[in-house]
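J.: Questions regarding the structure given below will be posed in turn.
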Amino acid sequence: METSGLAPNARPSAKLDRAVIFLGPPGAGKGTQAKELARKYGVPHLSTGDMLRENIAKGKPLGAKAKPLMERGELVPDSLVLKMVAARIEQPDCAHGFVFDGFPRTVAQAQYLGEMLKQHGYRQPLVIHFAIDPGLLMRRITGRRMCKVGGEIYNIFDRPPRVAGKCDNDGGGLEQRQDDREEVVGPRLQAYQKQTAPLVAYYRRLGRLREVDAAKSVDEVARRVLEVVDGAR
Ligand code: ADP
Ligand code: AMP
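If you use the working numbering, the sequence shown corresponds to residues 18 to 250, in order.
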């Protein structure tokens, strides 16, 4: 789901003008924070997971290729994801920056993104690492529910909606993602450790990495994210 409407606490005078990457394991809170940061700056929230789910929902060929892999908790091949991202960041609404959530997920994706950003005249990305004890992730992932209409993210244990099963924003029904069931969590975390965690060292070496303690409350994490983004201008 993409979020580009301006929030009441938006920062219309401050321009993001860069790619911000939220890097961290599934369930760390990237989507929750990416929606918030994107709203504040009035830029798109680019979740490759959401884009792939949209392709599945619309019955697109890309969705058909991605679906069995996603259901097993495996990554979708770089070639498919990169084509999808390249097309997306060429859209005019990306001209003043964007927030990536769940991309890049492999070193090859990160290298290709670096090239794409250069080609489009962007600065190199600011990468925010959501550091968290893996022991917290099962509760966050299995408790996650998403609004079918606007994509708002809830947690039945820790961030429930006001009315059970209904989105606070638009009254849409809440659903559990197929891959948020307990049996798929293990493979997803393994894929993260093996294929995505090396990006922490990759971006640290490039001097692009900033750390956020993702175990803190949503408000505290949001404050720290803003501090990092504003401090990096
Ligand atoms: P990710 O995009 O990294 O997979 P989400 O933003 O979807 O993670 O969050 C995963 C789950 O954890 C959701 O149910 C969300 O409501 C909940 N959550 C997000 N941030 C926090 C937090 N700081 N504290 C407690 N729960 C959180
Ligand atoms: P997410 O919504 O970020 O948790 O992603 C859900 C699933 O979509 C992942 O488990 C992968 O199967 C797939 N996916 C999302 N983003 C990527 C990516 N950048 N590279 C490969 N697969 C991805």
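Backbone N, C-alpha and C fix where the C-beta goes; we use that ideal spot for every residue, glycine too.
Computed from a predicted model, the values in this text were never measured in an experiment.
Can you tell which of 178, 216, 134 and 247 has its C-alpha closest to the C-alpha of residue 119?
T.: Numbered from its first residue, the sequence shown carries residue 119 at position 102. Of the listed residues, the one whose Cα sits closest to residue 119 is 216.
J.: Assess, as a yes-or-no matter, whether the segment 143-150 is touched by the segment 89-106 under the definition of 3 or more beta carbon pairs within less than 8 angstroms.
T.: Touching, no.
J.: Measure from the alpha carbon of residue 123 to the alpha carbon of each residue in 41, 32 and 185, then state which is nearest.
T.: The sequence position of residue 123 within the sequence shown is 106, counting from 1. The shortest C-alpha separation from residue 123 is found at 41.
J.: Grouping DSSP H, G and I as helix and E and B as strand, with all else coil, what is residue 238?
T.: On the sequence shown, position 221 is the one that residue 238 refers to. Of the three classes helix, strand and coil, the one that applies to residue 238 here is helix, per DSSP.
J.: Cβ-heavy atom distance between residue 235 and ligand 1 below 8 angstroms?
T.: Position 218 of the sequence shown, counted from the first residue, corresponds to residue 235. It does: the Cβ of residue 235 is within 8 angstroms (strictly closer) of some heavy atom of ligand 1.
J.: Quick check: is any heavy atom of ligand 2 less than 8 angstroms from the C-beta of residue 121?
T.: On the sequence shown, position 104 is the one that residue 121 refers to. Residue 121: yes, Cβ under 8 angstroms from ligand 2.
J.: Can you list, in chain order, the residues of its chain whose CB lies under 8 angstroms from that of residue 73, leaving out five sequence neighbours each side?
T.: Here residue 73 refers to the residue found at position 56 when the sequence shown is read from its first residue. Excluding positions up to five away in sequence, the list reads 80, 81, 83, 84 and 87.
J.: Reducing DSSP to helix, strand and coil, say where residue 171 ends up.
T.: Here the question's residue 171 lines up with position 154 in the sequence shown. Three-state DSSP puts residue 171 in a strand.
J.: I want to check one thing, is the minimum distance from the CB of residue 158 to the heavy atoms of ligand 1 below 8 angstroms?
T.: As a working note, residue 158 is residue 141 in the sequence shown. Result yes, Cβ under 8 angstroms from ligand 1.
J.: Provide the residue span of the alpha helix (DSSP H) that contains residue 70, from first to last.
T.: Locating residue 70 in the sequence shown gives position 53, counting from the first residue. Unbroken alpha helix (DSSP H) run through residue 70: 65-74.
J.: Within the chosen definition, does the segment 52-63 reach the segment 238-249 through at least 3 CB pairs nearer than 8 angstroms?
T.: Output reads yes: the segment 238-249 touches the segment 52-63.
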